[in-house]
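Below is one structure, written out as structure tokens, with a few remarks after it.
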Amino acid sequence: MPSLPPQPLSPLDGRYRAVVAELADHLSEAGLNRARTEVEVEWLIVLTDRSLFGTAPLSDADKERLRALYVDFGQSEIDWLAAKEAVTRHDVKAVEYLVRDRLSTLGLDAIAELTHFAATSEDINSASYALTVQRAVVEVWLPKLVSVIDTIRALSIQHRDAPMLARTHGQPATPTTMGKELAVFAWRLERVAAQVAASEYLAKFSGATGTWSAHSAAEPDVDWIELCGAFIDSLGIGFNPLTTQIESHDWQVELYDRVRHAGGILHNLATDVWTYISLGYFAQIPVEGATGSSTMPHKINPIRFENAEANLEIAGGLLATLGQTLVTSRLQRDLTDSTTQRNIGVALGHSLLALDNLQRGLGEISLAEDVLLADLDANWEVLAEAIQTVVRAEITAGRSKITDPYALLKDLTRGRRVGAADLAEFVRGLDIGEAAKERLLALTPASYVGLASELVERP
Numbered sequence: 002m003p004s005l006p007p008q009p010l011s012p013l014d015g016r017y018r019a020v021v022a023e024l025a026d027h028l029s030e031a032g033l034n035r036a037r038t039e040v041e042v043e044w045l046i047v048l049t050d051r052s053l054f055g056t057a058p059l060s061d062a063d064k065e066r067l068r069a070l071y072v073d074f075g076q077s078e079i080d081w082l083a084a085k086e087a088v089t090r091h092d093v094k095a096v097e098y099l100v101r102d103r104l105s106t107l108g109l110d111a112i113a114e115l116t117h118f119a120a121t122s123e124d125i126n127s128a129s130y131a132l133t134v135q136r137a138v139v140e141v142w143l144p145k146l147v148s149v150i151d152t153i154r155a156l157s158i159q160h161r162d163a164p165m166l167a168r169t170h171g172q173p174a175t176p177t178t179m180g181k182e183l184a185v186f187a188w189r190l191e192r193v194a195a196q197v198a199a200s201e202y203l204a205k206f207s208g209a210t211g212t213w214s215a216h217s218a219a220e221p222d223v224d225w226i227e228l229c230g231a232f233i234d235s236l237g238i239g240f241n242p243l244t245t246q247i248e249s250h251d252w253q254v255e256l257y258d259r260v261r262h263a264g265g266i267l268h269n270l271a272t273d274v275w276t277y278i279s280l281g282y283f284a285q286i287p288v289e290g291a292t293g294s295s296t297m298p299h300k301i302n303p304i305r306f307e308n309a310e311a312n313l314e315i316a317g318g319l320l321a322t323l324g325q326t327l328v329t330s331r332l333q334r335d336l337t338d339s340t341t342q343r344n345i346g347v348a349l350g351h352s353l354l355a356l357d358n359l360q361r362g363l364g365e366i367s368l369a370e371d372v373l374l375a376d377l378d379a380n381w382e383v384l385a386e387a388i389q390t391v392v393r394a395e396i397t398a399g400r401s402k403i404t405d406p407y408a409l410l411k412d413l414t415r416g417r418r419v420g421a422a423d424l425a426e427f428v429r430g431l432d433i434g435e436a437a438k439e440r441l442l443a444l445t446p447a448s449y450v451g452l453a454s455e456l457v458e459r460p
């Protein structure tokens, strides 16, 4: 069979490209090379700003022209690096040669030997990954998570007073409200989002084995730890001064665990909403022209939530692998982290795709309050909890001589349906005070929701 024209292997670069394209600006190979170029250029500027090795600070115009190399990084630089790496077989070395080439074009050959000065590839890479991951998370992934949280929060407020039969262990249980149940997810996600927002993004810049040996040999009178720390800080990321050849990646492990944690909560939301749809609690709003089933015309499938569920599982697996692999490096350096980190964008891409589907799905459902009320009205036995609790309070207050109220209600309700009339008759015959009796007679499954509405905005 003849080969197809060149096609993307990953669905993130094919079917779902439009949803995750913003991540590619940062976490693609080109995005990484742009960040590497940025780090190389800014290191040159720092060294010349300190007038090291007989240099003088560059003019503002020269700095601007030099910075244009990464600010305007585009297809010509991508192609140049691809051709050079085909020869060097080393991605960071290719970036070094790119900077040197552009220095010559700009008439700055005098400082060419300060390109990549005393740096190991991991100095450049650790700073570049910190920059690209920070920008991808802070500018793309986290805003989308916050937007989904806002959607959930708005739905929780909208449905704060919509009573609903709870189903602990899948069985009828003390009623709640749909708004309160959605608020639980919003609250959980808000906590994790705050943790992600507070994440550190660390880099090292201490040479071949983290000792600043080459730096000190070249100029022993410079406080290289201070200089390199200030340089990393100037990039807007954090400085790790104590490392091997590589930055230890602990910040990445922490970050990916938090993103995976958020994904677990979102997965829980997706499966719960899917279940509510299957129970008829939520009706799906038809989308003009859309097909649910290729053979059953009536169907509207909850595809958004199923898509989110699957992509969260893929993302979670990749994020767990990243965390497990990146936390370890043999002795002072091995390259297992190199190929692993190239999949950061894939992991965050599947997570972002899931967020997009969840938000779309939440916008395509409407609450079927009549179904919720009918379900409540068919399960009056859930008031057994209220009755036995009130009886216990009456016993304690000396207004009842009933013994073992729990057993009394268990005999009445366990394993069988009890209607409104049955419960009313039972309550009227209880040996309790009249005020308590009136409170119980006024209760319905729909009104037995406690403080659910208040809890929606309490946290």
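To convert a position in the sequence shown, counted from 1, into my numbering, add 1.
Idealized CB from N, CA, C, for every residue including glycine.
According to DSSP, residues forming a beta bridge with residue i
i           : result
residue 367 : 284
residue 240 : 204
Endpoints, beta strand (DSSP E) assigned at residue i
i           : result
residue 167 : 164 to 167
residue 177 : 174 to 178
Whole-angstrom distance between residue j and residue i, CA atom to CA atom
i           : j           : result
residue 367 : residue 152 : 13 Å
residue 52  : residue 109 : 15 Å
residue 5   : residue 70  : 36 Å
residue 243 : residue 33  : 24 Å
residue 127 : residue 137 : 15 Å
residue 236 : residue 203 : 11 Å
residue 297 : residue 92  : Only weak support exists for where residue 297 lies, its pLDDT of 48 falling under 50; the value from the coordinates is given anyway. Approximately 53 Å between the Cα atoms of the pair.
residue 46  : residue 216 : 16 Å
residue 303 : residue 150 : 20 Å
residue 18  : residue 305 : 17 Å
residue 409 : residue 398 : 19 Å
residue 443 : residue 283 : 28 Å
residue 430 : residue 458 : 39 Å
residue 25  : residue 130 : 13 Å
residue 85  : residue 192 : 46 Å
residue 212 : residue 333 : 11 Å
residue 120 : residue 103 : 19 Å
residue 2   : residue 265 : 42 Å
residue 453 : residue 440 : 19 Å
residue 336 : residue 168 : 50 Å
residue 72  : residue 165 : 54 Å
residue 267 : residue 186 : 8 Å
residue 156 : residue 272 : 17 Å
residue 447 : residue 421 : 12 Å
residue 234 : residue 125 : 14 Å
residue 413 : residue 380 : 13 Å
residue 144 : residue 371 : 35 Å
residue 112 : residue 42  : 11 Å
residue 147 : residue 194 : 7 Å
residue 321 : residue 246 : 24 Å
residue 279 : residue 285 : 10 Å
residue 100 : residue 114 : 11 Å
Residue i: first and last residue of the uninterrupted alpha helix (DSSP H) it sits in
i           : result
residue 58  : Counting along the chain, residue 58 falls outside any alpha helix (DSSP H), and DSSP gives it neither H nor E.
residue 44  : 30 to 50
residue 397 : 385 to 397
residue 246 : Premise fails: residue 246 is in no alpha helix (DSSP H) and is neither H nor E.
residue 232 : 225 to 235
residue 336 : Neither: residue 336 is in no alpha helix (DSSP H) and is coded neither H nor E.
residue 548 : Only positions 2 to 460 of the chain appear in the structure, and residue 548 is not among them; the question remains open.
residue 427 : 421 to 429
residue 141 : First-last for residue 141: undefined, no H or E at that position.
Backbone secondary structure at residue i - three-state DSSP
i           : result
residue 297 : Note on residue 297: pLDDT 48, under 50, position unreliable in the model; no value is reported.
residue 204 : strand
residue 435 : helix
residue 448 : coil
residue 329 : coil
residue 12  : helix
residue 403 : coil
residue 4   : coil
residue 220 : coil
residue 443 : helix
residue 213 : coil
residue 458 : coil
residue 410 : helix
residue 73  : coil
residue 94  : helix
residue 306 : helix
Do the segment 228 to 247 and the segment 179 to 188 make contact, defined as three or more Cβ pairs closer than 8 Å? no
Check your understanding: Would you say the segment 204 to 215 touches the segment 238 to 258, given that touching needs at least three Cβ pairs under 8 Å?
Key -> yes
**Q.** the segment 160 to 174 touching the segment 72 to 90, judged by at least three CB pairs closer than 8 Å
**A.** At 8 Å Cβ cutoff, the stretches do not touch.
task = Would you be able to state if there are at least three C-beta pairs under 8 Å between the segment 249 to 268 and the segment 315 to 329?
result = Contact holds: three or more Cβ-Cβ distances are below 8 Å.
- request: Give a yes or no on contact between the segment 342 to 351 and the segment 383 to 402, applying the rule of three or more CB pairs nearer than 8 Å.
  value: no
- prompt: Using 8 Å as the Cβ pair cut-off and three pairs as the minimum, do the segment 315 to 324 and the segment 254 to 261 touch?
  reply: yes
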